[in-house]
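Colleague:
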Amino acid sequence: MSRLEVPRALRKMLRDASRFSAIAFLIVIAATFAKPGPGRILSSLLSLATVAIYFLASVLLFRFKGTSAITFLALVQAAYFFKLILVAITLILVFKFFGDNLDRQWFGAATILMAAAWLGGEIRGFFRIRYIFDSNSE
1236 MSRLEVPRAL RKMLRDASRF SAIAFLIVIA ATFAKPGPGR ILSSLLSLAT
1286 VAIYFLASVL LFRFKGTSAI TFLALVQAAY FFKLILVAIT LILVFKFFGD
1336 NLDRQWFGAA TILMAAAWLG GEIRGFFRIR YIFDSNSE
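Numbering (our numbering), first residue to last: 1236 to 1373.
This is how it looks when you write it as structure tokens:
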């Protein structure tokens, strides 16, 4: 993996993860309007904000595009750790400030669906990237 391949690889992973999460969010919004209830729209929007942390952490990795592959992979691992911390803090704040106005089950289901979609997109992007790197090394 050279210095030029890291931003291209990250863009591919980010694009796949964003696409999967957008589809999941559209499903959540459609389900919200199909079966409205008190606090469900707010729950859906706050679940999107929670999952947006994954996007922001991935975008921050672009700042380190000129680093070596080993350094970049270490930063990716650190980013995953900080994503978990930020999601935990966000969940605490969401329930502290909006807890009474949320449909907690709807919020949980929407957040899990969108986080799983993001992870699925990242995994798909990773396997596509790995294939590209393996074919370049031959």
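Note that CB positions come from ideal geometry on N, CA and C, so glycine has one too.
Quantities reported herein were computed from a predicted structural model and do not represent experimental measurements.
Just how far apart, CA to CA, sit Glu-1357 and Val-1322?
Modeller: Residue numbering aside, residue 1357 sits at position 122 when the sequence shown is read from its first letter. Residue numbering aside, residue 1322 sits at position 87 when the sequence shown is read from its first letter. In a straight line, the C-alpha of Glu-1357 is about 17 Å away from that of Val-1322.
Colleague: Which term fits Leu-1239, buried or exposed, when burial requires 16 or more other beta carbons within 10 angstroms of its beta carbon?
Modeller: Position 4 of the sequence shown, counted from the first residue, corresponds to residue 1239. Unreliable positioning characterises Leu-1239 in this predicted model, as indicated by a pLDDT of 41, which lies under 50. The coordinate reading is nonetheless provided below. When all chains shown are included, Leu-1239 counts as exposed.
Colleague: State yes or no: is the C-beta of Arg-1275 within less than 8 Å of the C-beta of Thr-1267?
Modeller: As a working mapping, residue 1275 is identified with position 40 in the sequence shown. As a working mapping, residue 1267 is identified with position 32 in the sequence shown. Contact flag set, yes.
Colleague: Kindly list the residues whose CB is nearer than 7 Å to the CB of Ser-1278, restricted to its own chain and excluding five residues on each side of it in sequence; keep chain order.
Modeller: Taking the sequence shown and counting its residues from 1, the one referred to as residue 1278 is at position 43. Only Leu-1337, Asp-1338, Trp-1341, Phe-1342 and Ala-1345 meet the Cβ criterion.
Colleague: Going by beta carbon distance, what residues of the same chain come within less than 6 Å of Phe-1362, once the five residues before and after it are set aside?
Modeller: Numbered from 1 along the sequence shown, position 127 holds the residue referred to as residue 1362. The answer is none, since no qualifying residue turns up.
Colleague: Under 8 Å, with one C-beta from each stretch per pair, do the region 1285 to 1294 and the region 1249 to 1268 reach the 3-pair mark?
Modeller: Flag = yes, the region 1285 to 1294 and the region 1249 to 1268 touch.
Colleague: From what residue to what residue does the alpha helix (DSSP H) around Leu-1337 run?
Modeller: As a position in the sequence shown, residue 1337 is number 102, starting the count at 1. Note, Leu-1337: premise wrong, no alpha helix (DSSP H); not H, not E.
Colleague: What is the rounded straight-line gap between the Cα of Pro-1273 and the Cα of Asp-1335?
Modeller: For the purposes of this step, residue 1273 is taken as residue 38 along the sequence shown, with counting starting at 1. For the purposes of this step, residue 1335 is taken as residue 100 along the sequence shown, with counting starting at 1. Cα to Cα, Pro-1273 sits roughly 11 Å from Asp-1335.
Colleague: Is the Cβ-Cβ distance between Leu-1310 and Leu-1326 less than 8 Å?
Modeller: As a working note, residue 1310 is residue 75 in the sequence shown. As a working note, residue 1326 is residue 91 in the sequence shown. Going by C-beta atoms, Leu-1310 is not nearer than 8 Å to Leu-1326.
Colleague: By the three-class DSSP mapping on this structure, what secondary structure does Gly-1274 have?
Modeller: In the sequence shown, the residue the question calls residue 1274 occupies position 39. Residue state, collapsed to three classes: coil.
Colleague: Out of Ala-1351, Arg-1246 and Gly-1360, which one is the CA nearest neighbour of Val-1263?
Modeller: Looking up residue 1263 in the sequence shown gives position 28. Per the Cα distances, Ala-1351.
Colleague: If you measure between the beta carbons of Leu-1291 and Phe-1260, is that distance less than 8 Å?
Modeller: To locate residue 1291, count along the sequence shown from 1; it is residue 56. To locate residue 1260, count along the sequence shown from 1; it is residue 25. Against a cut-off of 8 Å, the Cβ pair of Phe-1260 and Leu-1291 comes out as no contact.
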